[in-house]
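S.K.:
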Amino acid sequence: MLKEIAVLIQKEITLEWRQKYALNGILLYVVSAVFITYLSVGAKQGNIGVPTWNALYWIIILFSAVNAVAKSFVQEHQGRQLYYYMIASPEAIIISKIIYNTLLTLVLALLGYLVFSVILGNPVQDQGMFLLNLILGAVGFSACLTMVSGIASKASNNATLMAILSFPVIIPILLMAIRVSKNAIDGLDWSVSLDKIVTLMAINVIVAVTAYILFPYLWRS
Amino acid sequence: MRAYWWKILTVALLAFTLTAGLLLDVPRLPILNETIRALHFHVTMWFGMILMLMVAVVYSIKFLRSNDLRHDDMALEFTNAAILFGVLGIVTGMLWAKFTWGDYWSGDPKQNASAIGLLMYFAYLILRNSLTDVHQRARIGAVYNIFAFAAFIPLIFVLPRLTDSLHPGNGGNPGFNAYDLDSKLRMVFYPAIIAWTLLGTWISTIRVRLRRIERKFEDKLINQVS
Chain C
7 MLKEIAVLIQ KEITLEWRQK YALNGILLYV VSAVFITYLS VGAKQGNIGV PTWNALYWII
67 ILFSAVNAVA KSFVQEHQGR QLYYYMIASP EAIIISKIIY NTLLTLVLAL LGYLVFSVIL
127 GNPVQDQGMF LLNLILGAVG FSACLTMVSG IASKASNNAT LMAILSFPVI IPILLMAIRV
187 SKNAIDGLDW SVSLDKIVTL MAINVIVAVT AYILFPYLWR S
Chain G
29 MRAYWWKILT VALLAFTLTA GLLLDVPRLP ILNETIRALH FHVTMWFGMI LMLMVAVVYS
89 IKFLRSNDLR HDDMALEFTN AAILFGVLGI VTGMLWAKFT WGDYWSGDPK QNASAIGLLM
149 YFAYLILRNS LTDVHQRARI GAVYNIFAFA AFIPLIFVLP RLTDSLHPGN GGNPGFNAYD
209 LDSKLRMVFY PAIIAWTLLG TWISTIRVRL RRIERKFEDK LINQVS
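If you're matching them up, the sequences are chains C and G in order.
Residue numbers for the first sequence follow the numbering used here, so the first one is 7 and each next one is one higher.
Residue numbers for the second sequence follow the numbering used here, so the first one is 29 and each next one is one higher.
(1) What are the residues of the segment 184–211 of chain C that lie near chain G, defined by any Cβ-Cβ distance shorter than 9 Å?
(2) Examine chain C for any beta-carbon lying closer than 8 Å to the beta-carbon of G:LEU159, and answer yes or no.
(3) Go ahead and pull the three-state DSSP assignment for G:TRP129.
(4) Looking at G:VAL216: is its Cβ nearer than 8 Å to the Cβ of G:LEU52?
(5) Anything in chain G within Cβ reach of C:LYS103, meaning under 8 Å, just list it in chain order.
(6) G:ALA84 CB to nearest chain C CB: under 8 Å?
(7) Can you pull out the residues from the segment 154–181 of chain G whose beta carbon lies closer than 7 Å to at least one beta carbon of chain C?
(8) Going by CA-CA distance only, name the one from G:GLY145, G:MET73, G:TRP33 that's closest to G:PHE177.
(9) Do you know offhand how far C:ILE203's Cα is from C:GLN25's?
(10) Assign C:LEU206 to buried or exposed, taking buried as 16 or more other Cβ atoms, counted over all protein chains shown, within 10 Å of its Cβ.
(11) Tell me whether the beta-carbon of C:LEU224 lies closer than 8 Å to the beta-carbon of C:ILE157.
(12) Kindly indicate which residue of C:PHE221, C:THR20, C:TRP64 has the alpha-carbon position closest to the one of C:LEU140.
(13) Pull up the CB-CB distance for C:LEU43 and C:ILE67, whole angstroms please, since I reckon it's below 8 Å.
(14) Find the nearest neighbour of C:GLN87 within the set C:ASN128, C:ASP132, C:LEU14, judged by alpha-carbon distance.
(15) Could you check how far apart the C-beta atoms of C:ALA214 and G:SER158 are, in whole angstroms? I think they sit under 8 Å.
(16) Thinking C-alpha only, which one of G:ILE78, G:THR160, G:HIS195, G:MET102 is nearest G:PHE113?
(17) Measure the beta-carbon distance from G:PHE180 to G:MET148 and round it to whole angstroms, keeping in mind my assumption that it falls under 8 Å.
(18) Using C-beta distances below 8 Å, list every residue in its chain close to C:ALA165, excluding the 5 sequence neighbours before and after it, in chain order.
(19) When you compare only the Cα positions, how much space is there between G:THR229 and G:MET80?
(20) What whole-angstrom Cβ distance do G:GLY117 and G:MET73 have, given they're in contact under 8 Å?
(21) Taking 8 Å as the threshold (beta carbon to beta carbon), is C:TYR90 in contact with chain G?
(22) Count the other CB atoms within 10 Å of the CB of C:VAL121; is the residue buried (16 or more) or exposed (fewer)?
(23) Helix, strand or coil: which one does DSSP assign to C:ALA217?
(24) Give a yes or no on whether the minimum CB-CB distance between C:ILE32 and chain G is below 8 Å.
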């Protein structure tokens with residue numbers, strides 16, 4: 007099982023690396039999105055309030071993650087999906103996809119953070135907590151979005167469905183992540199945000215476990 | 029009699045809820061005043077909605093285990109009834125909020141959470157309609173229904189508790205329990221929950237039967253041609 011997952015993750019990375027345009031496209035998406043918000047809010051360096059910075063950052067990460075993960079079941083055509091269906095267990099597939107998408111979302115989030123810091127200024131005081139929160143957020147986003155993209159790939163109207171199915175489900179994760187991230191930016195003590203971090207973890211676990219249990223039924227159809 | 033006793037019970041309880049809920053004495057509280065009666069008509073909607081969503085999830089699980097479309101009918105119609113209750117809950121809540129908080133929408137965490145919850149289930153309906161194959165529709169609908177419920181629970185029960193809410197019983201506002209010493213409200217409240225939930229069940233079962241008859245007709249039509 008572990009070996010299966012490792013091989014599948016490796017396959018995802020190789021595949022991504024071979025069609026670099028998709029990866030580069032999504033990276034460019036993040037940068038352009040940051041730049042558009044920067045110009046739209048008319049913020050000069052340090053001019054923008056902390057809550058706005060925080061909200062803008064997470065919204066951009068959310069939209070780029072939706073776009074990045076949406077293709078995870080669409081990019082390979084049906085024949086190859088059938089082939090995976092025969093050689094790999096659905097559990098291994100969903101876990102490998104979730105782990106891979108977590109890495110992808112994390113890369114997006116870090117890139118977004120870098121561009122944000124350069125253009126809009128970096129108000130974050132507690133880097134450790136901010137990064138931990140990024141990791142947790144990335145896990146939650148990818149668990150939720152991977153499952154939803156699996157669902158949406160079965161229906162035809164993909165892009166719209168992906169958005170309407172995932173946004174309400176992802177909101178609890180997003181809200182918790184935004185709150186913890188606000189605390190991290192303000193440099194509050196860890197004890198203040200501990201319960202929120204635990205809640206975020208718990209929501210992640212719930213979403214991931216449900217995805218793990220339900221995916222085999224989805225995969226079979 | 030054996031089969032429809034609960035329908036008589038529903039009518040009786042609803043009659044009791046309406047009369048007792050509107051006419052019985054209620055505790056006099058500042059700001060709340062008579063609007064405390066919303067307890068029987070607004071709060072009960074949410075109880076009914078959550079109970080019916082649970083039933084829908086149970087039937088979704090049953091469907092995934094058995095692939096029997098009859099379970100899917102139940103899951104879909106209970107979700108439909110739950111959505112109806114949710115919309116009514118939001119509307120009654122907004123009316124109540126206008127008179128107690130001063131605005132139809134005041135960005136209260138519970139208000140927001142329930143609106144998001146409704147979005148989730150509207151998305152469920154759109155997802156179902158976007159699929160054409162009956163079995164695939166049922167299967168994917170069931171998967172999303174369970175998934176959405178798993179996200180709905182923390183949304184409704186955990187997140188609003190972490191921030192101050194304007195709702196009675198949250199954020200330093202006294203709850204109904206504090207004033208309801210003689211359990212007068214409770215005497216109507218609990219039957220009201222049962223009454224509304226039973227009404228929702230009634231609506232769903234009728235629609236389920238309708239749906240099954242329709243399917244039978246369709247099958248007949250298809251078999252005739254071939």
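A virtual CB, placed ideally from N, CA and C, is assigned to each residue, including glycine.
M.R.: Judging by the given coordinates:
(1) ARG185, ASP201, LYS202, THR205, ALA208, ILE209
(2) Mapped onto the second sequence, residue 159 of chain G falls at position 131. Yes, its Cβ sits closer than 8 Å to a Cβ of chain C.
(3) Here residue 129 of chain G refers to the residue found at position 101 of the second sequence. Three-state result, G:TRP129: coil.
(4) In the second sequence, residue 216 of chain G corresponds to position 188, counting from 1. In the second sequence, residue 52 of chain G corresponds to position 24, counting from 1. Cβ distance < 8 Å, so G:VAL216 and G:LEU52 count as in contact.
(5) Working through the first sequence from its first residue, we reach residue 103 of chain C at position 97. Neighbours of C:LYS103 in chain G, taken as residues whose beta carbon is under 8 Å from its own, are absent, since the nearest beta carbon is some 15 Å off.
(6) Taking the first residue of the second sequence as 1, we reach residue 84 of chain G at position 56. With 8 Å as the cut-off, G:ALA84 does not count as an interface residue toward chain C.
(7) ILE154, LEU155, SER158, LEU159, GLN164, ARG167, ILE168, VAL171, TYR172, ILE174, PHE175, ALA176, ALA178, ALA179
(8) Position 149 of the second sequence, counted from the start, is the residue given in the question as residue 177 of chain G. The shortest Cα separation from G:PHE177 among G:GLY145, G:MET73, G:TRP33 belongs to G:GLY145.
(9) By 1-based counting over the first sequence, the position of residue 203 of chain C is 197. By 1-based counting over the first sequence, the position of residue 25 of chain C is 19. C-alpha separation (whole angstroms): 36 Å.
(10) Taking the first sequence and counting its residues from 1, one reaches residue 206 of chain C at position 200. Answer is buried; the Cβ neighbour count reaches 16.
(11) Residue numbering aside, residue 224 of chain C sits at position 218 when the first sequence is read from its first letter. Residue numbering aside, residue 157 of chain C sits at position 151 when the first sequence is read from its first letter. Taking 8 Å as the Cβ cut-off, C:LEU224 and C:ILE157 qualify as a contacting pair.
(12) Position 134 of the first sequence holds residue 140 of chain C. Selected option, being the one with the closest Cα: C:TRP64.
(13) Residue numbering aside, residue 43 of chain C sits at position 37 when the first sequence is read from its first letter. Residue numbering aside, residue 67 of chain C sits at position 61 when the first sequence is read from its first letter. Correcting the residue type first, residue 43 of chain C is Thr in the shown sequence and not Leu. The Cβ separation is near 12 Å, so there is no contact.
(14) As a first step, residue 87 of chain C must be located in the first sequence, where it is residue number 81. It is C:LEU14.
(15) As a working mapping, residue 214 of chain C is identified with position 208 in the first sequence. As a working mapping, residue 158 of chain G is identified with position 130 in the second sequence. About 26 Å separates the two Cβ atoms, so there is no contact after all.
(16) Position 85 of the second sequence, counted from the first residue, corresponds to residue 113 of chain G. Considering only alpha carbons, the answer is G:ILE78.
(17) Translated into positions along the second sequence, residue 180 of chain G becomes position 152. Translated into positions along the second sequence, residue 148 of chain G becomes position 120. Your pair G:PHE180 and G:MET148 checks out as a contact, with CB atoms roughly 6 Å apart and the cut at 8 Å.
(18) Along the first sequence, read from residue 1 onward, the residue named residue 165 of chain C stands at position 159. Cβ neighbours of C:ALA165 beyond the five flanking positions: ALA76.
(19) As a working note, residue 229 of chain G is residue 201 in the second sequence. As a working note, residue 80 of chain G is residue 52 in the second sequence. Cα to Cα, G:THR229 sits roughly 8 Å from G:MET80.
(20) Numbered from 1 along the second sequence, position 89 holds the residue referred to as residue 117 of chain G. Numbered from 1 along the second sequence, position 45 holds the residue referred to as residue 73 of chain G. That pair is a contact at about 3 Å.
(21) Locating residue 90 of chain C in the first sequence gives position 84, counting from the first residue. False, the Cβ-Cβ gap to chain G never drops below 8 Å.
(22) Your numbering for residue 121 of chain C matches position 115 in the first sequence. Using a 10 angstroms sphere on the CB of C:VAL121, the tally of other CB atoms reaches 16 or more, which defines it as buried.
(23) Indexing the first sequence from 1 puts residue 217 of chain C at position 211. Three-state DSSP puts C:ALA217 in a helix.
(24) Position 26 of the first sequence, counted from the start, is the residue given in the question as residue 32 of chain C. Taking Cβ atoms only, chain G never reaches closer than 8 Å to C:ILE32, which makes this a no.
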